[in-house]
Amino acid sequence: MTVGPRSQALFEQACRVIPGGVSSPVRAFRAVGGTPPFITSASGVHVTDADGRTYLDFIGSWGPLALGHAHPEVVAAITEAAARGTTYGLPCPGEVELASTIAELSPVVEQVRFVSSGTEAVMSAVRLARGVTGRDKVVKFAGCYHGHADHLLVQAGSGLATLGVPSSAGVPAAFAGETLVLPLDDEDAATGLFDEHGASIAAVLIEPIPANHGLLLQRPAFLEHLRALTRSSGALLIFDEVISGFRVAPGGAAERYAITPDLVTYGKVVGGGMPVGAFGGPRATMRHLAPEGAVYQAGTLSGNPVAMAAGATALRILRRENAWERLEALGARLEAAATPLLAPHGVRLVRVGSVFWLDFGTGEPTRRPDRIAADAADRFRGLFNRLLDDGILLAPSAYEVGFLSLAHTEEHVDRLAAGWGKALA
Ligand SMILES: *Cc1c(COP(=O)(O)O)cnc(C)c1O
């Protein structure tokens, strides 16, 4: 793909003053061999770049935009809030409104603490779990992403439970050693790890709907097994719902699977497009946070009035518009339109509600990252660039999911399905 001359020039300038030219690595479009378009405006389902090219967007800012870009009511709420001051460093009513809404929607949350990103939410939830249990080890799953906190940037290459090996430079082995990595979809491995380390495990952390290395939908029985293991060993089960929260159901994956974790983390949709993260759970657990308890956690811009207004307004609209049913219907439409076009080429649409992913594998549903087709990245690159030439923007990696929003119509999802069909043919 070739972007226009303005994006090209901006990228060259950016590369001089920003590492790789981007503020978050995947935006560099390296996996699809290109230069990213520099976006100057967005509205509804469209983003427009510095060269005036408009794309039909399915990145959705990587998850936050359940209402689409620049929803007028969200923009109005942000504008009004900003005019009253952008930060106070003191409590504001918006925090109470958003926290109350979260507590109403979530089957897990009685109390919630706000932060400014998903990374911070998970980092803080893990600290709380360690503080509450007095234990140090945390279990995560290969292929699950939980933000970029040191001890969570760990992945195991094998399907066996192994002691963590850092997957980023700059993560001390001693930190990574406190993280135990398990394979998804494997009850026996989890049982084995708990037999050996159960007494030192503070928390099991999982994306109940793993959506950061493909969309690796888990069997409910596997999640139930983790619930049982943690309950009997005194570890906390943390659902990282930074993507799935307020996206796949009002109460996220916890509601969808009817499994109640001990703590839950939110980000993306909860901020209505502004930087917001949150973590919450029962009062009995959350009271261990400072100033009530001994687990310290803080933030200069946490509970920011402008961000709170955006999040509260977005959630209010989602509830009013019966969003979750509408997003499910739209996702089903995409699946119905795309499946007959993809199947002859050995490609499968994996979907939960408004979150979708193209699986280039054949045979069994893909539930673990090591089962993703080896040629997925190569096959995706061609597909991605053909769609881009057609003005359709997908996340620039075979391992990233796509998102629908309430701004998308049946016509938009049909156009995506047809685009895939044409590109594969
Ligand atoms: C995006 C994401 C995070 C990190 O959130 P940031 O806001 O990017 O820090 C954590 N967990 C999951 C599941 C995510 O998808």
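In this note's numbering, the protein residues as written are 295 to 719. We treat Cβ as the ideally placed atom computed from N, Cα and C, and that holds for glycine.
>> Let's test the definition: count the other Cβ atoms within 10 Å of the Cβ of Thr579 and tell me whether it reaches 16, buried, or not, exposed.
In response: With 16 or more other Cβ atoms from the protein chains shown falling within 10 Å of its own Cβ, Thr579 counts as buried.
### Query
Tell me the DSSP bridge mates of Ala588?
Paired residues: none, contrary to the question.
Inset, instruction - Could you check if Tyr590 is buried or exposed, using at least 16 other CB atoms within 10 Å of its CB as the buried criterion? - result: exposed
Review point. Quick one: what does DSSP say Pro342 is sitting in, helix, strand or coil?
Key: Checking the sequence, you will find Thr at residue 342 rather than Pro. Here Thr342 sits in strand by DSSP.
**Item:** Own chain partners of Ala584 with C-beta closer than 8 Å, once the 5 adjacent residues on each side are dropped
**Value:** Counting only Cβ-Cβ distances below 8 Å, and skipping sequence neighbours, we find Tyr590, Gln591, Ala592.
**Asked** Quick one: Cα of Trp651 to Cα of His706, how far?
**Response** 16 Å
Could you tell me the alpha carbon to alpha carbon distance between Leu422 and Val564, rounded to whole angstroms?
21 Å
* Asked: Between Gln405 and Pro634, is the Cβ-Cβ spacing less than 9 Å?
  -> no
By the 10 Å Cβ neighbour count, where 16 or more other Cβ atoms means buried, how is Gln307 classified, buried or exposed? Under this definition Gln307 is an exposed residue.
Requested in this report: Quick one: using the 10 Å Cβ neighbour count with 16 as the cut-off for buried, is Ile312 buried or exposed?
Outcome: Around the beta carbon of Ile312, fewer than 16 other beta carbons sit within 10 angstroms, so the residue counts as exposed.
For Asp343, count neighbouring Cβ atoms within 10 angstroms of its own Cβ and tell me buried if that reaches 16, exposed if not. buried
So Trp714 is in the alpha helix (DSSP H); what residue range does that whole segment cover? Trp714: member of the alpha helix (DSSP H) spanning 704-718, first to last residue.
Residues near ligand 1, criterion Cβ-heavy atom distance below 5 Å: Ordered along the chain, the selected set is Ser411, Gly412, Thr413, His440, Gly441, Glu501, Asp534, Val536, Ile537, Gly561.
For the beta strand (DSSP E) containing Ile532, list its first residue and its last residue. 530-534
Practice problem: Using three-state DSSP, classify Tyr439 as helix, strand or coil. | Solution: coil
Item checked: Under the three-state DSSP convention, the category Gln405 falls into -> For Gln405, the secondary structure class from DSSP, reduced to helix, strand or coil, is strand.
Extent of the continuous beta strand (DSSP E) run through Thr473:
473-476 is the extent of the beta strand (DSSP E) around Thr473.
7 Å CB neighbourhood of Gly314 in its chain, flanking five on each side removed: Ala322
Subject >> Backbone CA spacing between Gln512 and Phe674 [nearest angstrom] >> reply: 23 Å
### Message
Applying the 10 Å Cβ sphere with the 16-neighbour rule, what's the burial state of Val390?
### Response
Under this definition Val390 is an exposed residue.
- Query: What's the gap between the Cα of Ser410 and the Cα of Arg709?
  - Reply: 35 Å
Next item on the list: Answer yes if the stretch 423-434 comes into contact with the stretch 600-614, meaning at least three C-beta pairs across the two stretches below 8 Å, and no otherwise.
Entry: no
Gly539 versus Asp684: straight-line alpha-carbon distance, rounded | 32 Å
Please work out which residues of its chain come closer than 7 Å, Cβ to Cβ, to Gly338, disregarding the five sequence neighbours upstream and downstream, and give them in chain order.
Gly362, His363, Ala701
Span of the beta strand (DSSP E), counted from its first residue to its last, around Leu359: Neither: Leu359 is in no beta strand (DSSP E) and is coded neither H nor E.
Margin query: Check whether the stretch 379-397 and the stretch 520-537 touch, using three or more Cβ-Cβ pairs below 8 Å as the test.
Written below: no
- Euclidean distance between Cα positions of Arg567 and Ser699: With the sequence shown as reference, residue 567 is identified as Gly, and Arg is not the correct amino acid for it. Using only the alpha carbons, I get a separation of about 13 Å.
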